[in-house]
Every structure is written in C-alpha cells, then in structure tokens.
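Visitor:
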Amino acid sequence: MSESTTLQRRRFLGLVLAGTLVPAATAACAASGGNEDSGDSGPTGEVSEQNPFGVAKGAAVDAVIFDGGYGTDYVSFAAAKYADLHDGGKLTVSPSTQIAQELQPRFVGGNPPDLLDNSGANAIGLATIAAQLEDLTPLTKAKNTDGDVIADTLYPGMLDDGTYDGRLVQLNYVLTVYGLWYSKSLFDANGWKAPATWDDALALGASAKEKGKYLFCWGKEAASYYLTLAVDSAVKEGGDEVRVALGNLEANAWSHPAVQAVFGKMSEAVKAGYFRPGGAGTQFTAAQAQWSQAQEAILYPSGSWIENEMKSQTAPDFQMTGAPPPSVTSGAAMPATAFHASAGEPFVVPSKGKNKAGGMEVLRIMLSKEAATNFAKTKLSSTVVKDTVPEDAFGSTALASQIAMLNAAGEDTYTFNFNDVYGFTSQNNVLWNGFLSGQLDVAGLTSGLQQQFDQTREDSSIVKVKVS
C-alpha cells in the first residue's frame with residue numbers, strides 16, 4: 001500500500017490543477033489474474049477487446065456495495081450496460097452497512113461476492129483479506145466501454161493506495177476531499193470565517209455559544225471522523241514525520257508533540273462545552289442533521305460525500321462549503337491551504353467469487369466516462385476518472401469549494417490510510433465516543449490508540465505496509 005507517495009500525490013494534484021477538473025478562474029462557481037489457489041472463476045466466455053475478461057453469456061454478478069454517503073445506485077447504473085453487453089446477464093446489487101459482519105463469514109466460507117465495495121466504519125481490514133483478492137492490473141490495462149485504456153483515463157496517483165504487498169488489489173473509485181464543512185450563508189450572516197488554527201476554532205466556538213449554537217456535533221458510528229480531523233491537523237502542523245510515524249504504527253507515534261497538541265486543543269473544546277452533548281448515543285446521520293438541517297452545530301469534519309449523504313436533510317440556502325483542517329499554530333510545517341485528499345470507496349474482486357470476471361467487468365463499465373459523469377452529477381463528487389466535472393460544478397457549492405481547495409493547495413496535499421489497511425475504525429469509534437463525551441482524557445485516548453498500534457505492529461501474521 002503506497003501511502004507514501006507524497007511526491008506522486010503532488011504530481012497528481014499538479015495535473016489536476018493543470019485543467020483536468022475545473023479551470024482556476026471558474027473554481028468559485030484475457031481473464032483476470034489472482035492467486036494460484038483462487039478457486040473456480042466461474043463460467044468463461046470468449047475473450048475479446050469488448051469482453052477482455054471472458055464473461056460468459058448471461059452470467060450473473062453478485063455485488064455487495066457499502067450503502068453510505070454515496071448510496072448504491074451509482075453501481076446499479078452499470079446494470080443496463082452489463083446486460084446489454086452480456087446477453088441479459090443480471091447485476092444484483094446488495095446494499096450493506098455492516099461489511100465486516102456480513103462479508104467475513106462469506107470469505108471464510110469460500111463464497112464471497114463477485115464485487116465488493118469494502119467501505120464504511122465496518123469495513124474489513126485490507127490486510128486480512130488481501131491474499132484472497134484478484135490483482136486488478138488487467139483491469140487497468142483493459143479498454144473501458146468508450147474504447148480508452150482505463151489507466152490512461154485516471155488521475156495520476158489514483159492506483160497508489162490500492163497496491164498491497166506488490167499487487168493492485170483494490171481500486172478506489174472516488175476522489176475524496178477531507179476537511180471542515182459549514183454553511184457559507186450562516187457564516188456570512190454572523191461574520192464568521194472558517195478557522196485556520198485551533199485557537200481560531202476555539203474562538204469561533206465561543207462566538208457560536210453566544211448564539212446558542214455548538215461548534216461541533218458527532219454521531220456514534222462516525223466518532224472516528226474526529227480522529228481523521230485530528231490526524232489531518234497534526235500532519236499539517238508537524239509535517240511528513242507525523243504521517244510516516246502513524247503510517248508505520250511506530251511506538252509512541254500518538255505521543256508525537258504535534259498529535260498531542262491537537263488532542264489538547266480538542267480537549268479544550270470538549271471541556272468548554274463546544275461539542276453538542278449526546279453524540280455517543282446518536283445515530284450518525286441524525287447527528288449530521290443537527291448540523292446541516294437544524295444548524296445547532298456550525299462545523300462538521302467529513303469527506304466530500306457529505307453533501308450527497310445529507311441532501312435530503314439540509315436547510316434551504318445552506319450553501320455547503322468545505323475548508324482545510326486547522327493547524328495548531330500559524331507557524332505549522334504546511335501552509336494554511338494544505339489538506340487531506342485521496343481516492344476512496346475501495347472496490348475489490350474476491351478471487352473465489354463465482355463470477356470474478358463479471359466483477360471486473362462491472363468495474364470496467366463504472367470506469368467509463370458515462371458512468372463516471374453520472375456519479376459526479378448525481379453524487380456531487382468526482383470519481384478518479386478525468387474530465388467528468390464541468391466548469392459550473394453542476395451548481396454545487398460544495399463541489400465548487402472542493403475545486404477551490406485543490407487550486408489553493410497546489411502541491412500541499414497529503415493522505416494516510418492506516419485505518420483502512422489494519423481495520424481500526426470500529427475500535428477508534430469506541431475511543432473517540434469516550435473522548436468527545438468527556439469520559440476519556442487525552443492520556444486515555446493516547447494510550448488506547450497506541451495500544452492497538454502496538455498489538456498490530458507486533459503481530460507477525462499481519463503483513464505491514466511500509467510508509468515513507
């Protein structure tokens with residue numbers, strides 16, 4: 001898993017800013033591979049340029065898709081094309097929010113689906129199933145349904161985070177921007193600005209409190225969003241050494257001064273009453289509605305899926321807008337415009353699926369310009385496929401702000417994925433619910449996070465990902 005790749009990531013964003021998304025001036029507005037013991041690949045059809053994986057006529061595809069911020073209909077969109085190409089073959093999309101609980105038994109039993117979107121708080125740690133997944137390199141070398149080689153249609157760097165132990169085992173479909181989200185109309189009405197530092201955030205919390213509002217809110221299944229915010233801020237403050245230490249599960253990684261400084265500021269916000277109480281007992285979309293609809297809280301940390309996830313529960317004229325995470329000080333290692341950007345929604349093709357060729361084929365269809373443009377238009381977020389977001393950003397203030405953030409950041413972006421690789425999210429939710437509720441102090445949070453790092457690092461059965 002090449003999380004390292006600061007230089008590659010910067011190169012990717014440089015090309016994005018060269019015009020593959022939105023010009024700066026308008027920013028405001030053969031059969032698949034696998035392991036030798038991969039099992040029966042199912043019925044095989046004739047291999048051709050139009051059928052590069054040899055999908056058999058009429059072969060059905062079983063897909064399990066995380067039903068989160070983007071829903072599942074963007075995968076179902078591929079069903080008609082799949083049926084047309086393969087003599088009525090049926091793509092069945094099964095939504096799930098409990099990926100690990102529902103899918104791990106299927107992997108153990110040797111009957112996994114043909115395609116899996118391994119995402120969400122209950123995703124399966126990639127390290128535990130990587131050996132049971134197909135190498136997706138043949139997919140990237142194939143032509144999409146437009147006749148273009150898929151690798152040539154993607155933003156540079158988008159395959160980096162899918163490589164594990166030398167094999168491309170997952171394809172991340174969505175270009176995700178992480179940051180703080182707020183209502184521009186509410187901020188303008190109150191003369192507020194997105195905080196550049198945590199002291200700014202604390203001052204904003206005091207101002208919000210005077211207006212009868214909270215600075216933040218959270219929900220029990222998404223408490224770890226605040227871990228992402230904390231790491232984003234700590235990397236911004238301390239630079240690459242923080243990212244590398246965390247990515248390599250180093251001893252005392254969570255005791256790094258930059259991390260501790262962020263935790264300290266967040267603790268101040270908790271103690272000052274700037275977090276809306278009750279988050280540990282509130283379902284996460286209900287908590288998010290406290291921000292987007294009731295506007296009881298004024299900031300929310302999330303990825304760029306948030307607009308689509310809350311589109312039915314957002315106040316009129318909310319003007320959802322994103323901003324980079326705050327640093328601790330104005331003298332941080334990275335500039336105020338720096339932020340966390342990466343590819344997300346990791347799709348995998350299990351080697352023991354009954355129709356793994358069909359799983360690869362559905363991904364091939366999803367990577368066409370038609371399907372990727374449909375995603376951008378309906379989900380108001382970009383996929384990893386280039387040239388699918390128009391200059392008007394489909395009228396979305398949130399999507400337009402993402403482009404503005406990319407333009408402003410230039411080369412100063414970063415990413416990390418230790419949670420996904422090692423499957424820490426569920427454990428992290430427990431720790432962060434305690435911390436945000438005021439039941440766990442900085443020392444307790446640090447100890448809990450470090451303990452899971454140490455246990456994983458010392459477990460020789462887990463293949464580790466070297467981050468540099």
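If you count the sequence shown from 1, position 429 lands on 429 in my numbering, and the numbers rise without skipping.
All residues carry an ideal CB built from backbone N, CA and C; glycine is no exception.
#1: Does the region 271-284 come close enough to the region 129-146 that 3 or more CB-CB pairs lie under 8 Å?
#2: With DSSP as the reference, label W181 as helix, strand or coil.
#3: Whole angstroms are fine: how far does the CA of V430 sit from the CA of A223?
#4: Tell me whether E241 is buried or exposed, calling it buried when 16 or more other Cβ atoms sit within 10 Å of its Cβ.
#5: If I measure Cβ to Cβ from G247 and keep anything under 6 Å in the same chain, skipping five residues before and after, which residues do I get?
#6: By Cβ distance, which residues of its chain are closer than 6 Å to G54, with the 5 residues on each side in sequence left out?
#7: The alpha helix (DSSP H) with Y300 in it runs from where to where?
#8: Hey, which unbroken runs of the alpha helix (DSSP H) at 4 residues or more fall wholly within the region 407-444?
#9: Is it a yes or a no for the region 324-335 touching the region 232-239, going by three-plus beta-carbon pairs under 8 Å?
#10: Where does the unbroken alpha helix (DSSP H) through L246 begin, and where does it stop?
#11: Quickly, what does DSSP pair A297 with across the bridge? List them, please.
#12: Could you check whether L126 and P421 sit closer than 8 Å to each other, using their CB atoms as the reference points?
#13: Closer than 7 Å: is that where the CB of P335 sits relative to any heavy atom of the ligand GDP?
#14: Return the residue from the list L227, K57, S312 and A294 that minimises the CA-CA distance to L85.
#15: In the region 299-368, which residue ranges form an unbroken beta strand (DSSP E) of at least 3 residues, counting only runs that do not cross its ends?
#16: Tell me whether D392 is buried or exposed, calling it buried when 16 or more other Cβ atoms sit within 10 Å of its Cβ.
#17: Between which two residues does the beta strand (DSSP E) harbouring D62 extend?
#18: What would DSSP say about V235, mapped onto helix, strand or coil?
#19: Buried or exposed: which applies to D67, given that a residue is buried once 16 or more other Cβ atoms fall within 10 Å of its Cβ?
#20: What beta strand (DSSP E) runs, 3 residues minimum, are completely inside the region 118-190?
Guide: Well, looking at it:
#1: no
#2: Taking the first residue of the sequence shown as 1, we reach residue 181 at position 181. W181 falls in the strand class under three-state DSSP.
#3: For the purposes of this step, residue 223 is identified with residue 223 of the sequence shown, where counting begins at 1. For the purposes of this step, residue 430 is identified with residue 430 of the sequence shown, where counting begins at 1. Approximately 8 Å between the Cα atoms of the pair.
#4: Translated into the one-based positions of the sequence shown, residue 241 becomes position 241. Exposed.
#5: As a first step, residue 247 must be located in the sequence shown, where it is residue number 247. Same-chain partners within the cutoff: E3, F416, F418 and V467.
#6: Translated into the one-based positions of the sequence shown, residue 54 becomes position 54. Leaving aside the five residues that flank G54 on each side, the residues in its chain whose CB is nearer than 6 Å to its CB run, in chain order, A31, T44, G45, V47 and A357.
#7: Translated into the one-based positions of the sequence shown, residue 300 becomes position 300. Segment Y300 to G303 is the beta strand (DSSP E) holding Y300; no alpha helix (DSSP H) there.
#8: 418-422 and 425-436
#9: yes
#10: By one-based count along the sequence shown, residue 246 stands at place 246. Run containing L246: D240 to G247, per the alpha helix (DSSP H) assignment.
#11: For the purposes of this step, residue 297 is taken as residue 297 along the sequence shown, with counting starting at 1. Per DSSP, Y214.
#12: Taking the first residue of the sequence shown as position 1, residue 421 is located at position 421. Taking the first residue of the sequence shown as position 1, residue 126 is located at position 126. Correcting the residue identity first, residue 421 is Val in this sequence and not Pro. Yes, they are a contact pair.
#13: What this structure holds is no ligand at all, so the ligand GDP is not there to describe.
#14: Walking along the sequence shown from the start, residue 85 turns up at place 85. Closest by C-alpha distance to L85, out of L227, K57, S312 and A294, is K57.
#15: Those beta strand (DSSP E) runs which fall completely within the region 299-368 and span 3+ residues are 300-303, 320-323 and 339-348.
#16: For the purposes of this step, residue 392 is taken as the residue at position 392 of the sequence shown. Result: exposed.
#17: If you number the sequence shown from 1, residue 62 lands on position 62. Note, D62: beta strand (DSSP E), V61 to F66.
#18: By 1-based counting over the sequence shown, the position of residue 235 is 235. In this structure, V235 counts as helix in the three-state DSSP scheme.
#19: Along the sequence shown, one-based indexing puts residue 67 at 67. Looking at its Cβ environment, which holds 16 or more other Cβ atoms inside 10 Å, D67 is buried.
#20: 171-183
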